[in-house]
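Only one structure is covered here, and it is reproduced in the block below.
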């Protein structure tokens, strides 16, 4: 299986590249640290036999050696634990960075198909599950596996007969471990799924809290949360039941092995084959065999949870990138902005959204897209922004297919103003500077003044340094839109897309936004999607989109003069309904 397609914890090896020497050093030191307790128990056996025989000089040297060995073991173990924990955290850091980078490279299609909470769970709870294992569990795993191996070797070196008796419990131990492995894998995978569903429901509830409260749906969402929370509890309980059987079973096997060694040791001592020191050392070494087994069995649940989490993460990392630079794609120099949409068709699934769309906009020109909702206007704008690639046809800028140039260099010359502009937590100045982080404070101030954001900032504490909450809470829709227009203006794009940018503005800022749009559109190739006639008439050409096709095109007067969709839209939508005189109040005649 190629490395890029590995599933499970083995895939984490890719994040240790360049750290081979460090891993080798930690491996050698871990082996030495693990050998120290085994050596200590062998010395204990020798010390007992030396004291029993009255050889006090030898006993003294053995005691000194015991102290030195254990001191070195303690120092090495402390260093190894810090080193392995640091290595594990480095892997988590690289994984989280890779995961987030891969997510940002995926097209909007992926995010439209996945719930936000599901994606958040991958970056938070799943990565945290791996972090728990790699920061502490990795050191536990390495030290205990090596200690177990050293103890078994020491037991056989001490007396092979006692070693064989101790290992009689190994086959049933393997059977129990295999049973737990099969059952717990499914259980912990289900735990990760339940956590994902719970996180998704929480994220959706928080994002839509205003709607939930407006329609009095708090209790319904509480019931849904309770059901998901209860399912998560049941899933965890199933996993814990398996652990409650497995861990005591391992302890029981350790007790059986100890009894067997003591019984055989007593028999051999009676026959003169072993000394008391050998029996004591064997029991001590046996403890070193089952102590790691118990710790590893406790760690096994964490490892299973981490493996299940890694499978979920892998499903994200293996998601195909819809948009990627073609081999040999060149960096796009500064463009003039001539835009050609040549016979483009597109579908999100099997149903076509755009059919054979053909548009040509000269550099600095402006077109407006109008039509009923769902006709394909926003989809066409997303194709121009290369959030998607067309199924058929080509989109060219200055005669070059946008798929033949580096996406990053193209997006840098593109500006988008959306219907519901998103403002990030930070200052107003930070949000204006978002698309051009290197812009100076003076450039930000001049841009804010050019579109009227300075007038908004005057009434706020701190002015342009006023802290904006996530999403722009505390600002009106028009004020948020002004800031997004300033953000686009500072980026100085060559191609500009206005997607319903004037549909939700409020009266106090309406005039400011109209003036800001005049400033923003000047000298740029622009695509306007709007429902306001005042915004549409700025365009050099108006295109009416209906069911994925362009059914009319021309100037405002030309289109109004002929019978067709535009005239109906102009009267029904673009102009807005005519103001009717308020009817006189009448007493209701409905039965009460």
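Residue numbers (the working numbering): 33 to 624. Beta carbons are placed, not taken as given, at the ideal position from N, Cα and C, and that holds for glycine.
Between the CA atoms of residue j and residue i - distance to the nearest angstrom
i           : j           : result
residue 158 : residue 251 : 29 Å
residue 625 : residue 397 : It is not possible to answer for residue 625, since the shown part of the chain is limited to 33 through 624.
residue 528 : residue 556 : 7 Å
residue 316 : residue 286 : 12 Å
residue 78  : residue 94  : 7 Å
residue 73  : residue 352 : 55 Å
residue 197 : residue 350 : 48 Å
residue 468 : residue 518 : 11 Å
residue 548 : residue 152 : 36 Å
residue 44  : residue 99  : 39 Å
residue 366 : residue 414 : 21 Å
residue 598 : residue 507 : 34 Å
residue 486 : residue 496 : 7 Å
residue 271 : residue 148 : 27 Å
residue 68  : residue 130 : 39 Å
residue 475 : residue 482 : 10 Å
residue 180 : residue 195 : 13 Å
residue 472 : residue 574 : 37 Å
residue 137 : residue 444 : 15 Å
residue 461 : residue 577 : 37 Å
residue 489 : residue 586 : 40 Å
residue 308 : residue 65  : 27 Å
residue 401 : residue 258 : 46 Å
residue 48  : residue 321 : 30 Å
residue 325 : residue 176 : 8 Å
residue 484 : residue 552 : 12 Å
residue 457 : residue 593 : 48 Å
residue 299 : residue 188 : 18 Å
residue 361 : residue 388 : 26 Å
residue 239 : residue 570 : 35 Å
residue 288 : residue 127 : 43 Å
residue 211 : residue 165 : 22 Å
residue 565 : residue 584 : 16 Å
residue 230 : residue 140 : 23 Å
residue 504 : residue 550 : 24 Å
residue 417 : residue 448 : 8 Å
Close Cβ partners of residue i (< 7 Å) along its chain, the five nearest in sequence each way excluded
i           : result
residue 87  : none
residue 435 : 358, 421
residue 620 : Interpretation of residue 620 is limited by its pLDDT of 34, a score under 50 that renders its predicted location unreliable; no figure is taken from the coordinates.
residue 347 : none
residue 71  : 101
residue 116 : 58, 170, 171, 174
residue 327 : 172, 176
residue 278 : 208, 212, 329
Neighbourhood of residue i by C-beta, 6 Å cutoff - its chain only, sequence neighbours within 5 removed
i           : result
residue 163 : 124
residue 380 : none
residue 26  : A query on residue 26 cannot be resolved here, the shown segment of the chain reaching from 33 to 624 and no further.
residue 61  : 108, 112
residue 364 : 437, 441, 442
residue 382 : none
residue 232 : 147, 149, 150
residue 614 : Here residue 614 scores only 39 on pLDDT, less than 50, and its place in the model should not be relied on; the value that follows carries that caveat. Excluding residues within five positions, none has a Cβ falling inside 6 Å.
residue 524 : none
residue 133 : none
residue 226 : 263, 264, 267
residue 558 : 398, 528
Residues sharing a beta bridge with residue i, DSSP
i           : result
residue 400 : 560, 574
residue 555 : Note: residue 555 sits in no beta bridge, so no partner.
residue 582 : 577
residue 594 : DSSP output for residue 594 lists no bridge partner at all.
residue 531 : 561
8 Å CB neighbourhood of residue i in its chain, flanking five on each side removed
i           : result
residue 610 : Residue confidence is low: residue 610 scores 42 on pLDDT, short of 50, so the model does not pin down where it sits. No coordinate-derived value is stated.
residue 522 : 464, 465, 467, 468, 471, 475, 476, 479
residue 81  : 307, 308, 309, 310
residue 97  : 75
residue 260 : 226, 229, 230, 233
8 Å Cβ cutoff, residue i in contact with chain B
i           : result
residue 237 : The chain labelled as chain B is not found in the depicted structure, where only one protein chain is given.
With three or more beta-carbon pairs closer than 8 Å as the criterion, would you say the region 328-337 touches the region 217-235?
yes
Check whether the region 119-126 touches the region 167-184, counting contact only when three or more Cβ pairs, one atom from each stretch, lie closer than 8 Å.
-> yes
Q. Which parts of the region 147-194 are runs of the alpha helix (DSSP H), unbroken and 4 residues or longer, counting only runs that do not cross its ends?
A. 148-153, 159-164, 170-190
As an exercise, report each continuous alpha helix (DSSP H) stretch of at least 4 residues that is fully enclosed by the region 227-261, in chain order. 241-246
Every unbroken beta strand (DSSP E) inside the region 384-462 [3 residues or more]
Qualifying beta strand (DSSP E) stretches, in chain order: 384-393, 398-402, 424-429, 446-449.
message = Which runs of the alpha helix (DSSP H) at least 4 residues long sit entirely within the region 305-389? Give them in chain order.
response = 308-349
Quiz prompt | Any 3 or more C-beta pairs closer than 8 Å across the region 505-516 and the region 445-458 | solution = yes
Check: Can we say the region 362-378 touches the region 426-435, given the rule of at least three CB pairs closer than 8 Å?
Finding: yes
_Contact the region 200-208 vs the region 248-265: 3+ CB pairs below 8 Å_ = no
task = Assess, as a yes-or-no matter, whether the region 261-268 is touched by the region 311-330 under the definition of 3 or more beta carbon pairs within less than 8 Å.
result = no
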